[in-house]
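Right, one structure below, let's go through it.
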Amino acid sequence: MDFWSNPVKFLDDWLTGVFSGWGMAADAARVLTAFVGILVLITLVMVLDIFLVWLERKIVSRFQDRIGPNRVGPFGLIQPFADIIKLIIKENIYPVGVDKAVFNLAPVLMMMSVLLLWAVLPLTSFLGLDLNVGVLYVIGVGALGTVAIIMAGWSSNNKYALLGSFRQVAVMISYEIPMVAALLIPTIFAGSMGINSIVAAQDTWYIVLAPLAFLLFLVSATAELGRAPFDLTEAESELIAGHHIEYSGMKFGLFYASELLHAFTFGGFIAAFFFGGWRGPWVEAYPALGLFYFIVKATIAYWLFGWIKYTFPRIRIDKMLDLNWKFLVPFAFVLVPFLALMHALLRETSFYALGMFLANIALGWATIEILRRRAHGERAKVEGAVEMHG
Amino acid sequence: MTTPASTPTLRPAQGDASDLAARFPGVVSPDTRPGFSGFTIPADKLVEVATIIRDELGYDLLSSVTGVDYLPENKMEVVYHAYKTTGGPALVFKVQVPRDNPVVASMTPIWKGAEFQEREAWDLLGIKFTGHPDLRRILMWEGFEGHPLRKDWKEAFYEEDAKPFKSRWPDGKHVLAEARNPFSDNLRFPSGFDPEKMTFADPEEALYRSLKKYTFEDADGIQADHIIVNLGPQHPSTHGVFRSAVILDGETVVSLKPVMGYLHRNHDKIGERNTFLQIIPYTDRLDYFCSMTNNHGYVLAVEKLMGIQVAERAEYIRVIMDEITRIQNHLIFFGMLLNDLGAMYTPALYAFEERELILDIFEAAAGSRMMCNYYRFGGVVRDVPAEALQKLRDLVFDRLPGKIDEMERLLTENDVLVSRLKGVGYLSAEDAINTSMTGPMLRASGVPYDIRRADPYSIYDRFDFKVACRPDGDLYARYMVRVDEVRESIKILQQALKQIPEGPTMSVKPQYQVRVPAGEAYGRIESPKGELGYYVISNGKPNPWRYHIRASSFINLTALEMMCKGEKIADFVAILGAIDIVLGELDR
Chain A
1 MDFWSNPVKF LDDWLTGVFS GWGMAADAAR VLTAFVGILV LITLVMVLDI FLVWLERKIV
61 SRFQDRIGPN RVGPFGLIQP FADIIKLIIK ENIYPVGVDK AVFNLAPVLM MMSVLLLWAV
121 LPLTSFLGLD LNVGVLYVIG VGALGTVAII MAGWSSNNKY ALLGSFRQVA VMISYEIPMV
181 AALLIPTIFA GSMGINSIVA AQDTWYIVLA PLAFLLFLVS ATAELGRAPF DLTEAESELI
241 AGHHIEYSGM KFGLFYASEL LHAFTFGGFI AAFFFGGWRG PWVEAYPALG LFYFIVKATI
301 AYWLFGWIKY TFPRIRIDKM LDLNWKFLVP FAFVLVPFLA LMHALLRETS FYALGMFLAN
361 IALGWATIEI LRRRAHGERA KVEGAVEMHG
Chain B
391 MTTPASTPTL RPAQGDASDL AARFPGVVSP DTRPGFSGFT IPADKLVEVA TIIRDELGYD
451 LLSSVTGVDY LPENKMEVVY HAYKTTGGPA LVFKVQVPRD NPVVASMTPI WKGAEFQERE
511 AWDLLGIKFT GHPDLRRILM WEGFEGHPLR KDWKEAFYEE DAKPFKSRWP DGKHVLAEAR
571 NPFSDNLRFP SGFDPEKMTF ADPEEALYRS LKKYTFEDAD GIQADHIIVN LGPQHPSTHG
631 VFRSAVILDG ETVVSLKPVM GYLHRNHDKI GERNTFLQII PYTDRLDYFC SMTNNHGYVL
691 AVEKLMGIQV AERAEYIRVI MDEITRIQNH LIFFGMLLND LGAMYTPALY AFEERELILD
751 IFEAAAGSRM MCNYYRFGGV VRDVPAEALQ KLRDLVFDRL PGKIDEMERL LTENDVLVSR
811 LKGVGYLSAE DAINTSMTGP MLRASGVPYD IRRADPYSIY DRFDFKVACR PDGDLYARYM
871 VRVDEVRESI KILQQALKQI PEGPTMSVKP QYQVRVPAGE AYGRIESPKG ELGYYVISNG
931 KPNPWRYHIR ASSFINLTAL EMMCKGEKIA DFVAILGAID IVLGELDR
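Respectively, the protein sequence lines represent chains A and B.
Read left to right, the first sequence gives residues 1 to 390 (the working numbering).
Read left to right, the second sequence gives residues 391 to 978 (the working numbering).
What follows is the structure, encoded as structure tokens:
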């Protein structure tokens, strides 16, 4: 078998063969190989995470008209390692009244919730589990991170942390609805919940077929990630650090690292759902090339999250819930049947992609027009009232 | 620039200060001490007369309340400075009470703005104010013994009443005060207080009691309390070591009390120990963003006492420095407000870029970027170098107007910003005047009161500028007032830079020991944060007898609770940010 067409399968077979050669039962060898694979993947992901710290700091410094880390190593590349050493050698602090077991478990669970997502992330055509409930899995694992935040907030014995986790609950309950709706659209288009199948089905990128679904997913993913302008759980200027206020050292480091990795992972999902994932030129001939395309697309999406984060003030909690329940949820409920209908009508025609794109534009225009009319009406009402009183 | 068509809050000035003595014959008498002015009111008639002063004479803005300890006469005096929001000079009235039992009626029912200042007078001078709703210590800690501004109170390491200390050079050699005065020897504690055991009663109890608590029973009969959150003293958005005890109902602020004094160093007492000239560098440390304007207020007061004119060129330099101080202060304000709103540091760093250029001018003129120590009695310490002036011209004529436009394009119409600022933290014009708000806070509530216009000092009457004013009284108005003010400051700067004459920068011979005749003076300026007033009493000696600062950061907090009630905790941060406090000035 050719190594380059599916190196993972090749290595998998080879390693299973080696283990079997040592006289191991076939099933046991398969399990052991899987564990080795997971270990390798997690290690690589964590290394990626370390460079994300560097990338994040470089991105923010560019937005803020500064240079960013540039002292340790070329372009400051070694800076994150210095940070990690500092975090590791820090004292392990337990504030008074902390529920130790929950307190310690929270950062681990937080990191885990992100790493679990990588099981279904379609890095290439051959890497990433094509789970037949992949989309559901993403939503479910996403909620796990929320549990970690609630655990951290509750166990810290700190009012800021508690307020932060209260907010997280409100956000989670609200923003999962538009997110599920947004993910339903690629599911409908591809006819599968398996994420790799969704990527494989994207002969035309779904950003063309459903740009509105992309925007919906972007907004709800930003909220789910807890990044600005929806960083209410952390809310540096209000709640100081929110749920992870009492964490120091590497426990804080885990929260920080999982936040960045979470953003990158969602960047990966944006790439997979809307930008054709690993698809690109010559990928049929050299499937390993897909990894490169995927990482590039995910990084661009990650940069997009950074762009949003470093240019927006924070939205207030009530306004944020307003935005969700009064706009995103109704909008999602219109969008899903509308796009499903258009998909069914136009699928067999020759102008499928163009038609879908125009349908999106039309719906977007109608939405903006309705909102504008409503806002003008409201405004006239308020200003009229003012004039009457004045 | 919008000016409200009608300002219903402005009471027409129906009377004049000179009427006061005529109206209360035998009760109110003019202060006849040489160098002093104003009226003396007997303590028992204070509330009655003050009500008349506010309601009938039209002095609706109580600017400054402070106490003076006249140890030789065994008297305590409380001095009030009231102004009309329509402009004009102050009405000064005073109450004298015996020193061993100083009790004065509180002004808080008439002017709510007296609340903090009376607490300060109680804290530092031990004057009791009857009828004050919450008379606790404000700057010193709760277990503190004594009232430090009293003339017979002596600090740890006390040596002499006034500098320069002769005793430091007994043999022509320097001796450290600490070496001669061990720490424990002259430190006093409250009776029964053991510093090793901290046995005194919970000092926070009075604070928490002053918060309005709401205990209620829910449907199942379970007793429920709102939670108290202490925002600060370590908090990223309190601009230093400021603290607010807040009662929250979910996310909503129910009750709030500001707690301050963590940076207190008794600036007033330090001033009284120093000579007149030595005080100038200390004023830099008040509002450390605006050392130029701090200098200005102080030298204004002392120049009034000395009765000297300021050199013409120096007047222009002062106006120029004041206005670029205002611009850089407001630039920081925009950045920090956006920080408080959660746009972490991006706008702040863009604002700092312009500010650095302004600090370059300060550095060229004064030698320091922040602690300028630049003004002297009669002028400024040295001329501005020609290159710095040229740099400033480039900045003011070419660069800054465009940069302000750019900043406005980025921020003013931003949806998130507007949704966070519009309609939040409302303060009506009546409340703003009553709580002694000054500066942009007052003007954002629709009161066009700017000392540069209302009671011109220096040469501000020569320039053409508008008073920035917005009628809405919300956070957005406070933001917009500052934007307008930056534009007006640029206008003033452009005129000043065109008109600035050549000539000396000092009208008198510079000297280390200035002779200040006995008397009192209140010098006040429109600092970027509000009215900055210096109340100085001289008794002819090299040191002031009383040196008091009316800090706008401090007094503008009076309305904090009023503005925050019913708003979200996120808004509290923004409201506090929009007051624009600096802890150096707040805690003094």
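Cβ atoms here follow ideal geometry from the backbone N, Cα and C, with glycine treated the same way.
Within chain B, the residues that Phe312(A) reaches when beta carbons sit closer than 7 angstroms: Ala733 and Val806
What does Arg227(A) touch in chain B if you count any residue whose Cβ is under 8 angstroms from its own? By Cβ distance, chain B contributes nothing, its closest Cβ being about 11 angstroms from Arg227(A), past 8 angstroms.
Rounding to the nearest angstrom, what Cα-Cα distance links Ala614(B) and Ala148(A) in this structure? Their backbone Cα atoms lie some 27 angstroms apart in a straight line.
When you compare the CB positions of Leu653(B) and Asp977(B), do they come within less than 8 angstroms of one another, or not? yes
Apply the 10 Å Cβ neighbour rule to Ala106(A) and answer buried if 16 or more other Cβ atoms are within range, or exposed otherwise. buried
Residues of chain B with a CB under 7 angstroms from the CB of Leu318(A): which are they? Sequence inspection shows Asp at residue 318(A); the Leu mentioned does not correspond to that position. Neighbours of Asp318(A) on chain B, chain order: Lys958.
Using 8 angstroms as the limit for Cβ to Cβ distance, is Ile617(B) near chain A? yes
Beta-carbon spacing of Ile698(B), Pro791(B) below 8 angstroms: Cβ atoms of Ile698(B) and Pro791(B): not closer than 8 angstroms.
Need the endpoints of the beta strand (DSSP E) that Ser928(B) sits in, please. Gly920 to Ser928
At what residues does the alpha helix (DSSP H) containing Asn684(B) begin and finish? Asn684(B) -> alpha helix (DSSP H) spans Ser681 to Met696.
Exposed or buried, what is Ile612(B) when buried is set at 16 or more other beta-carbons lying within 10 Å of its beta-carbon? exposed
Counting contacts by CB-CB distance shorter than 8 angstroms, is Ala375(A) in contact with chain B? no
Helix, strand or coil for Asn324(A) per DSSP? helix
Roughly how far, in whole angstroms, is the beta-carbon of Leu973(B) from the beta-carbon of His629(B), given that I think they are within contact range, below 8 angstroms? 6 angstroms
When you compare the CB positions of Tyr902(B) and Ala968(B), do they come within less than 8 angstroms of one another, or not? no
Suppose you measure from the CA of Val138(A) to the CA of Pro80(A); what does that come to, to the nearest Å? 29 angstroms
Just to check my reading of the structure: Phe506(B) and Phe944(B) have Cβ atoms closer than 8 angstroms, yes? What is that Cβ distance to the nearest angstrom? 6 angstroms
Going along chain A, which residues have a C-beta under 8 angstroms from Glu743(B)? Asp65
Looking only at C-alpha atoms, which of Leu695(B), Leu539(B), Thr456(B) and Arg444(B) sits nearest to Glu659(B)? Reading off the sequence, residue 659(B) comes out as Lys, not Glu. Checked all of Leu695(B), Leu539(B), Thr456(B) and Arg444(B); the closest Cα to Lys659(B) is Leu539(B).
Sequence-distant residues of its chain with Cβ nearer than 6 angstroms to Val906(B) (five each side left out): Only Phe666, Leu695, Met696 and Ser928 meet the Cβ criterion.
Output the distance between the C-alpha atoms of Leu121(A) and Ala213(A), rounded to the nearest integer angstrom. About 19 angstroms.
Output yes if chain B places a C-beta closer than 8 angstroms to the C-beta of Ile245(A); else output no. no
Would you identify the three-state DSSP class for Ser600(B), choosing helix, strand or coil? helix
Taking all protein chains shown into account, do 16 or more other C-beta atoms lie within 10 angstroms of the C-beta of Pro229(A), making it buried, or fewer, making it exposed? buried
Evaluate Glu278(A) with the Cβ neighbour count: other Cβ atoms within 10 Å of its Cβ, from every protein chain shown; 16 or more gives buried, anything less gives exposed. Looking at the sequence shown, residue 278(A) is not Glu but Trp. By the neighbour-count rule (16 or more Cβ atoms within 10 Å), Trp278(A) is buried.
Could you round the C-beta distance between Leu529(B) and Gly457(B) to whole angstroms and report it? I think they count as a contact, below 8 angstroms. Going by Cβ atoms, the distance from Leu529(B) to Gly457(B) rounds to 13 angstroms, so no, they are not a contact pair.
For the segment 807–818 of chain B, which residues have a CB atom closer than 7 angstroms to at least one CB atom of chain A, in sequence order? Leu807, Ser809 and Arg810
Within 10 Å of its beta-carbon, does Arg372(A) have 16 or more other beta-carbons around it, so buried, or fewer, so exposed? exposed
DSSP beta-bridge partners of Gln613(B): Its beta-bridge partners are Glu607(B).
Going by DSSP, which residues form a beta bridge with His564(B)? In DSSP, His564(B) forms no bridge with anything.
Just checking: is the beta-carbon of Glu236(A) within a distance shorter than 8 angstroms of some beta-carbon in chain B? yes
Restricting to Cα atoms, I'd like to know which of Ile185(A), Ile150(A) and Leu323(A) is closest to Leu341(A). Of the candidates Ile185(A), Ile150(A) and Leu323(A), the one whose C-alpha sits nearest the C-alpha of Leu341(A) is Ile185(A).
Against chain B, which members of the segment 205–234 of chain A pass a CB distance test of less than 9 angstroms? Ala228, Pro229, Asp231 and Leu232
Determine the extent of the beta strand (DSSP E) in which Arg914(B) is found, giving its start and end residues. Per DSSP, the continuous beta strand (DSSP E) segment holding Arg914(B) begins and ends at Gly909 to Ser917.
In the DSSP assignment, find the unbroken alpha helix (DSSP H) run with Met110(A) in it and report its ends. Lys100 to Leu117
Closer than 8 angstroms by C-beta to Ala349(B): which residues in its own chain qualify, once you throw out the five before and the five after it? Chain order, please. It is not possible to answer for residue 349(B), since the shown part of chain B is limited to 391 through 978.
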